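Undergrad: Pasting a structure here, questions to come.
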Amino acid sequence: MIKLTVNQARDFVLRRQILDGRRDGGEAGALRAIRRLGYLQIDSINVVERAHHHALWSRVPDYRPGMLERLQRRRKVFEYWAHAMCYLPMEDYRYYRRHMEGFPEKSKWYRGYYRKYGRLAEEVLARVRAEGPLSTADFGGPIKIKGRGWWDWKPAKTALEMLFYRGDLMVAERRQFRRVYDLAERVLPEGLDTSVPSEEDNRSFIVRRALGAMGLATEADIDKYITIGGKLGGKLREMVESGEVTEIAVQGLAKPYFMLGDLAKELMAKEGKDDKARLLSPFDNAVILRQRARELFGMDFAMECYLPQAKRKYGYFSLPILWRSRLVGRLDPKADRE
Numbered sequence: 266m267i268k269l270t271v272n273q274a275r276d277f278v279l280r281r282q283i284l285d286g287r288r289d290g291g292e293a294g295a296l297r298a299i300r301r302l303g304y305l306q307i308d309s310i311n312v313v314e315r316a317h318h319h320a321l322w323s324r325v326p327d328y329r330p331g332m333l334e335r336l337q338r339r340r341k342v343f344e345y346w347a348h349a350m351c352y353l354p355m356e357d358y359r360y361y362r363r364h365m366e367g368f369p370e371k372s373k374w375y376r377g378y379y380r381k382y383g384r385l386a387e388e389v390l391a392r393v394r395a396e397g398p399l400s401t402a403d404f405g406g407p408i409k410i411k412g413r414g415w416w417d418w419k420p421a422k423t424a425l426e427m428l429f430y431r432g433d434l435m436v437a438e439r440r441q442f443r444r445v446y447d448l449a450e451r452v453l454p455e456g457l458d459t460s461v462p463s464e465e466d467n468r469s470f471i472v473r474r475a476l477g478a479m480g481l482a483t484e485a486d487i488d489k490y491i492t493i494g495g496k497l498g499g500k501l502r503e504m505v506e507s508g509e510v511t512e513i514a515v516q517g518l519a520k521p522y523f524m525l526g527d528l529a530k531e532l533m534a535k536e537g538k539d540d541k542a543r544l545l546s547p548f549d550n551a552v553i554l555r556q557r558a559r560e561l562f563g564m565d566f567a568m569e570c571y572l573p574q575a576k577r578k579y580g581y582f583s584l585p586i587l588w589r590s591r592l593v594g595r596l597d598p599k600a601d602r603e
């Protein structure tokens, strides 16, 4: 068993997360970052910048939002559910097909709405097939229910979501953050492998994806990084026994950590630390798993935007401050958009 200090573990984790100063620029650099991370979480909160753009800005020196938009239009990334709604590398599409195909049977949400809107969903699908890419704006406006704090989904929006989750529709692009849907076969690039892997292959993929991105992770971290595979402990143990995954002990931490065996050489790489401080998004891949951030970096971080103002300690949308290999503080920003 390999033994590491907490500082060694942090350095390796940040290297795998592309937060160590070694960054590639441009659209190609943004795509490489997405492929390394496995996903970019999409979020609509826009205090400074939306989470998916912020995460790339932290890793790609000349990043601009148009880069991600072009990657989507070029069919290099697609949108689907990983642990939340995310941008994903297009080459990973086949590993999400099992979830898509099983969604109608496994989702209580889908079954409930299908009873109500099943016929409408087929009509919406026929309209997209005939007319080409459509958004919710093509089906009329939203409805506000009196006394409710959120917009209720109108039936056509719900139908589009149903068709999206089961894989009939994909997001072709976004216009002013609004999804534009088209038939999956018109979005998927020609020549892409879309075969459905076995359940065993799917689980192996998720373990590899999670460990490739996180560097070191506990079993719970792996389960939570991409959640479409269920509990992965059995597959993880198989991969440890085969030598593909190595168990790691981190000094002062009780739980065992794991890493991909072929990353062992990278583990002890001697490289200079990056002296630039970074403001991370609260949804950044490096801190999104709160218990992991607490155990590895010593920061007890919570999303206070979901709390009443009187209960907030650090502010509506505080950003963790990363310096070298430590989370050294947090900042509650206000954007001057003038």
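Under the numbering used here, residues 266 to 603 are what the sequence shown spells out, in order.
Where a beta carbon is used, it is the ideal one built from N, C-alpha and C, also for glycine.
Just so it is clear, the structure is predicted and the values come from calculations on it, not from any experiment.
1) Could you check what DSSP says for residue 442 in three-state terms: helix, strand or coil?
2) Please return the same chain residues whose Cβ sits closer than 6 Å to the Cβ of residue 414, not counting the five positions on each side in sequence.
3) If I measure Cβ to Cβ from residue 497 and keep anything under 7 Å in the same chain, skipping five residues before and after, which residues do I get?
4) On the CB-based measure, 16 or more other CB atoms within 10 Å of its CB, does residue 560 come out buried or exposed?
5) How far does the beta strand (DSSP E) with residue 560 in it extend, from its first residue to its last?
6) According to DSSP, residue 322 sits in a beta bridge with which residue or residues?
7) Is the Cβ-Cβ distance between residue 452 and residue 340 less than 8 Å?
8) Could you name the residues of the same chain whose beta carbon sits closer than 6 Å to that of residue 532, not counting the 5 residues immediately before and after it, in chain order?
9) Hey, is the segment 507–518 in contact with the segment 472–483, meaning 3+ C-beta pairs nearer than 8 Å?
10) For residue 593, count neighbouring Cβ atoms within 10 angstroms of its own Cβ and tell me buried if that reaches 16, exposed if not.
11) Run the CB neighbour count on residue 446, radius 10 Å, all protein chains shown included, and call it buried at 16 or more, exposed below.
12) At which residues does the alpha helix (DSSP H) containing residue 497 begin and terminate?
13) Between residue 439 and the rest of its own chain, which residues show a CB-CB distance below 8 Å, the 5 nearest in sequence each way excluded?
TA: Well, looking at it:
1) coil
2) Low local confidence applies: a pLDDT of 40 at residue 414 is under 50, so the model's placement there is unreliable, with the coordinate-based value given in what follows. Taken in chain order, the list of residues that qualify is empty.
3) 468, 471, 472, 487 and 488
4) buried
5) That residue, residue 560, is in no beta strand (DSSP E); its alpha helix (DSSP H) goes 555–562.
6) Answer is none; residue 322 lacks a bridge partner.
7) yes
8) 277
9) yes
10) exposed
11) buried
12) From DSSP, residue 497 is part of no alpha helix (DSSP H); its letter is neither H nor E.
13) 334, 337 and 445
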